[in-house]
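These notes are about the structure you will find just below.
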Amino acid sequence: MTAIVDCPVCSRKTEFSPANRWRPFCSERCKLIDLGQWATGGYVIPGDPPDPEQPSDAPPGTPPRS
Ligand SMILES: [Zn+2]
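The opening position of the sequence shown corresponds to residue 1 in our numbering, with each subsequent residue numbered one higher.
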């Protein structure tokens, strides 16, 4: 009983089994292509992340105005 899946890169039918070391990809080539896409196209943070230590407009110790 072997599951057949589409390769995420080239959509070719490929075995999803321990015998296929590149699963869910059909080959090492497709796995490397996918990893390359992640490295270049994913997790790109535009600009600087917000600084959690950024001081607010009210200095510490100031009683809240109501
Ligand atoms: Zn493939």
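Positions of the beta carbon are idealized from the N, C-alpha and C atoms, including for glycine.
For threonine 2, same chain residues with a beta-carbon under 6 angstroms away, outside a window of 5 residues either side, are Glu15, Ser17 in chain order.
With a contact defined as Cβ atoms closer than 8 angstroms, isoleucine 33 and valine 5 miss out at about 16 angstroms. Ligand 1 never approaches serine 17 closely enough for any of its heavy atoms to be under 8 angstroms from the residue's Cβ. Residue side-chain check: valine 5 keeps its Cβ at 8 angstroms or more from all non-hydrogen atoms of ligand 1.
Sequence-distant partners of glutamate 28 (beyond 5 residues in either direction) whose C-beta falls short of 6 angstroms from its own C-beta, in its chain, are Trp22.
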